[in-house]
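Novice: Below is one structure. I have some questions about it.
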Amino acid sequence: MLIRPRRNRKSAAIREMVEETTLTTKDFIFPLFLLEGTNKKVEVDSMPGIYRFTLDLMLKEIEECLNMGIKAFDVFPVVDEKYKDKMATKSADPNFFYIKALKEIKSKFPEACIMTDVAMDPYSSDGHDGIVDENGNILNDETLDVLADMALAQAETGIDIIGPSDMMDGRVEYIRDALDENGFENTSIMSYCAKYASAFYGPFRDALDSAPKSGDKKTYQMNPANKHEAMIEAELDAQEGADFLMVKPALAYLDVIHLLKENNELPIAAYNVSGEYSLIKAAAEKGWLDGEATMMESLLSIKRAGADVILSYFAKEAAQILRF
Ligand code: PBG
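For the sequence shown, our numbering assigns the number 1260 to the initial residue and increments by one for each residue that follows.
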């Protein structure tokens, strides 16, 4: 036998020397859920270990994470039902607690990279990412104005990256134009580019109480059966001025991450979504899986598939293990 691949696996020293993929804390963006008010920290039932924080406690959480080497955060608002309406009006209100909180987070931690989410669902009484007409259709072009206003309100707080997660056609260019016309040409856009209509978002919708009130998201989010269609979305978003292209979810879509990485020059992000977190947590709680090892293997696999950036609820836990 001339070739024995096991020789390169015979000791930890050699295994590490020939390791092709290295995960680091710098790869992560940590999603955080913001509550209105003060001094509240509420665990998400379906996501053990993940909390919704009021601003005061979120600032502490961010500081702790920064000290562990996590430099990027994606902040989502938990919006009370009383603030929701058909047009997601609160999403562009400079006095709304989320917008005010973003400003405070950014001024307290100017070195942190703060990302925000652009889609109507947390603020919409319909629970959809776009405007819903009387027949239940999601209106594409009319929604673009709402998204642009939302993006502008967020950009004015000084945040670093806008994350359109709505999947309306043409929204990257529309938002890019609005930002540029208002002097925010340095605000980045990470487009949720290949975002699938996935059952893995369930726990996130619990965390935000943002599930659609009727219907589903299949007329705007992608069909899980399709891979090549992701190339159309990627090409459009790149042409429209996106700075990063995201694939979401991550683990069930590693082939899509790989495909986009191989065919684009832009950095590729992957969103290791709520359901992917909860699966591992639940199995670990039952003692069916080694939670820590499964977490690290999953994150490594997302990077190996081609992700340059990983949004993950595991960021803090993994950072503890990686130590930078
Ligand atoms: C909102 C949005 C969703 C997620 C991120 N932004 C939910 C959805 O599209 O229904 C999901 C994140 C997760 O599951 O962790 N448009």
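Every residue, glycine too, gets a C-beta built ideally from N, C-alpha and C. Remember, predicted model here, so these are calculated numbers, not experimental data.
1) Which class does residue 1571 belong to by DSSP, given the choice of helix, strand or coil?
2) Residue 1464: beta carbon under 7 Å from a heavy atom of ligand 1?
3) Closest to residue 1485 by C-alpha separation, out of 1454, 1465, 1393 and 1503, would be which residue?
4) Kindly indicate which residue of 1550, 1338 and 1528 has the alpha-carbon position closest to the one of residue 1493.
5) How many Å lie between residue 1425 and residue 1390 at the Cα?
6) Is it the case that the Cβ atoms of residue 1419 and residue 1447 are separated by a distance below 8 Å?
7) Residue 1570: which of 1365, 1262, 1269 and 1283 sits nearest, CA to CA?
8) Apply the 10 Å Cβ neighbour rule to residue 1488 and answer buried if 16 or more other Cβ atoms are within range, or exposed otherwise.
9) Can you list, in chain order, the residues of its chain with a C-beta nearer than 8 Å to that of residue 1291? Leave out the 5 residues immediately preceding and following it.
10) Please report the residue range of the alpha helix (DSSP H) in which residue 1329 lies.
11) Shorter than 7 Å, the distance from the beta carbon of residue 1345 to the closest heavy atom of ligand 1, or not?
12) DSSP on residue 1266, reduced to helix/strand/coil?
13) At which residues does the beta strand (DSSP E) containing residue 1418 begin and terminate?
14) Tell me, which residues are paired with residue 1291 by DSSP?
15) Does ligand 1 have a heavy atom nearer than 7 Å to the CB of residue 1378?
16) Leaving aside the five residues before and after residue 1368 along the sequence, list all residues of the same chain whose C-beta is less than 7 Å from its C-beta, in chain order.
17) Determine which residues share a DSSP beta bridge with residue 1504 and list them.
Specialist: A quick look at the data gives this:
1) Along the sequence shown, read from residue 1 onward, the residue named residue 1571 stands at position 312. Strand.
2) Indexing the sequence shown from 1 puts residue 1464 at position 205. Yes, ligand 1 has a heavy atom inside 7 Å of this Cβ.
3) Counting from one through the sequence shown, the residue named residue 1485 turns up at place 226. Nearest of 1454, 1465, 1393 and 1503 to residue 1485, Cα basis: 1454.
4) To locate residue 1493, count along the sequence shown from 1; it is residue 234. If we check each option's Cα against that of residue 1493, 1528 comes out closest.
5) Within the sequence shown, the letter at position 166 stands for residue 1425. Within the sequence shown, the letter at position 131 stands for residue 1390. Near 11 Å, if we compare the C-alpha coordinates of residue 1390 and residue 1425.
6) Here residue 1419 refers to the residue found at position 160 of the sequence shown. Here residue 1447 refers to the residue found at position 188 of the sequence shown. Yes, these two residues count as a Cβ contact at 8 Å.
7) Taking the first residue of the sequence shown as position 1, residue 1570 is located at position 311. Taking only the C-alpha atoms, the option nearest residue 1570 is 1283.
8) Along the sequence shown, one-based indexing puts residue 1488 at 229. Exposed, because fewer than 16 other Cβ atoms sit within 10 Å of the Cβ of residue 1488.
9) Counting from one through the sequence shown, the residue named residue 1291 turns up at place 32. Taken in chain order, the residues that qualify are 1312, 1317, 1320, 1321, 1332, 1333, 1334 and 1335.
10) Taking the first residue of the sequence shown as 1, we reach residue 1329 at position 70. From DSSP, residue 1329 is part of no alpha helix (DSSP H); its letter is neither H nor E.
11) On the sequence shown, position 86 is the one that residue 1345 refers to. Not so, every heavy atom of ligand 1 lies at least 7 Å from the Cβ.
12) Here residue 1266 refers to the residue found at position 7 of the sequence shown. Helix at residue 1266.
13) For the purposes of this step, residue 1418 is taken as the residue at position 159 of the sequence shown. First-last for residue 1418: undefined, no H or E at that position.
14) The sequence position of residue 1291 within the sequence shown is 32, counting from 1. Note: residue 1291 sits in a beta bridge opposite 1334.
15) Position 119 of the sequence shown, counting from 1, holds the residue named residue 1378. Yes, the Cβ of residue 1378 comes within 7 Å of a heavy atom of ligand 1.
16) In the sequence shown, counting from the first residue as 1, residue 1368 sits at position 109. Only 1321 and 1325 meet the Cβ criterion.
17) Position 245 of the sequence shown, counted from the first residue, corresponds to residue 1504. DSSP output for residue 1504 lists 1450 and 1527 as bridge partner(s).
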